[in-house]
Each structure stands twice: as C-alpha cells, then as structure tokens.
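Here's the structure, in structure tokens; my notes come after.
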Amino acid sequence: MKKMIWIAILAGMLLLAACGEEEADTSGTGTNLNPIETAFNSAETADPEEKVTLSVTVMQGEELVEDADEVVFEVWESGHRDESEMLPAEHVGEGVYEAETTFEEEGLYFAQAHTNARRMHVMPKQEITVGNPDPESIVPDNSDDATGMDKMDGHEGH
Numbered sequence: 018m019k020k021m022i023w024i025a026i027l028a029g030m031l032l033l034a035a036c037g038e039e040e041a042d043t044s045g046t047g048t049n050l051n052p053i054e055t056a057f058n059s060a061e062t063a064d065p066e067e068k069v070t071l072s073v074t075v076m077q078g079e080e081l082v083e084d085a086d087e088v089v090f091e092v093w094e095s096g097h098r099d100e101s102e103m104l105p106a107e108h109v110g111e112g113v114y115e116a117e118t119t120f121e122e123e124g125l126y127f128a129q130a131h132t133n134a135r136r137m138h139v140m141p142k143q144e145i146t147v148g149n150p151d152p153e154s155i156v157p158d159n160s161d162d163a164t165g166m167d168k169m170d171g172h173e174g175h
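Read in my numbering, the sequence shown has 28 at position 11, and its numbers run on one by one without any break.
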C-alpha cells in the first residue's frame, strides 16, 4: 500500500513538472512583444472646404495590424483643443485605418490617432496646414496629448 502511495505521489510530481515545462516552453510563443506603431499617411496640407482623408497605418514590428480594437481621429484647430471632434476610423485593409473630414477655414489643425490594439494604446499627432493662414492668427497649442481621452468611449476619467 505504501508503495502505491509513493508511486502516485511520484507520478503526480512528474505530471506537474511536465506541465510546468510545457508552459515554460510555450510562454511567449505567438505573442508579439513589439510596441504598436501608428504612422500617418495623410497629407500635411489641405485646402479649406476640401474633403480630406485622414489615414494611418498600424503595425507591430513588421506585422500589419488588421485587428485594432479602435482607431479614432481627434481633430482640432490649434489653440482650440476643447472643441475637438472625434472621428471613428474604418479599417480599409493592409493595416490602414481611415476617416474623412473637411476643414472649413484656413488655419493650423491637428489630427491625433488614438489607437487601441493588442492591449496597447498609442496616439501620434500630425499637423495639417489648411490654406495659407496668417502666422499671427495661429494660436499656440500647448494642450496635453491625453486631453482628448475623456471624449473616447469607455475612457472617461483617464
């Protein structure tokens, strides 16, 4: 009887050790630890009242991200971050996400791509000069890049 108990204990230990080794061997497999990168494809200039396509490519290492949870463009005129507009982007293929907007007046604008993918969040920003604005009419924009987070669904309080 004692022999059977020792065999059962030994078999249990071997089973646990084998499970532990299997976990150690497979940990990280299929997991890309590279950060998410979002690069703008949009033009840096536009004409007033012209339809503009805001576009980004989302990558993780060398892999195009086709399964981003959310890409939202926050758009505002320099110095007026509190009046920003949130534009949900659509996935158009090959890691590219796009939304359209129109800038009504000349000025310096910003587009920030709030990107949630694979448990990471990045939010690069691009300047867009619309028309030929008078440099003295441009209000400096010193807003915090996280300012728009409270306008995103599910991010209130960040």
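By construction, the Cβ of each residue, glycine as well, lies at the ideal position given by its N, Cα and C atoms.
Contact check, residue i vs residue j, beta carbons under 8 Å
i, j, result
"Pro52", "Met137", "yes"
"Ala256", "Val73", "What is shown of the chain runs 18 to 175, which leaves residue 256 out entirely."
"Leu104", "Val89", "yes"
"Ala85", "Ala130", "no"
"Glu107", "Ala116", "yes"
"Met124", "Pro150", "The amino acid occupying residue 124 in the given sequence is Gly; Met does not appear at that position. Yes, the pair counts as a contact, with Cβ atoms nearer than the cut-off."
"Ser154", "Arg98", "no"
Reference residue i; option with closest CA among the options
i, options, result
"Thr146", "His97, Thr119, Ala63, Asp99", "Ala63"
"Glu67", "Asn133, Phe120, Asn159, Asp161", "Phe120"
First and last residue of the uninterrupted beta strand (DSSP E) at residue i
i, result
"Ile214", "Shown here, the chain extends from 18 to 175; a query on residue 214 therefore has no answer."
"Val139", "137–139"
"Thr132", "124–134"
Simplified DSSP state of residue i, which is helix, strand or coil
i, result
"Glu54", "strand"
"Thr46", "With a pLDDT of 45 at Thr46, under the threshold of 50, the predicted position of this residue should be treated as unreliable, though the coordinate-derived value follows. It is coil, neither helix nor strand."
* Which runs of the beta strand (DSSP E), 3 residues or longer, sit entirely within the segment 66–121? -> If we require 3 residues or more, the beta strand (DSSP E) runs fully inside the segment 66–121 come out as 68–77, 87–94, 102–105, 107–110, 113–119.
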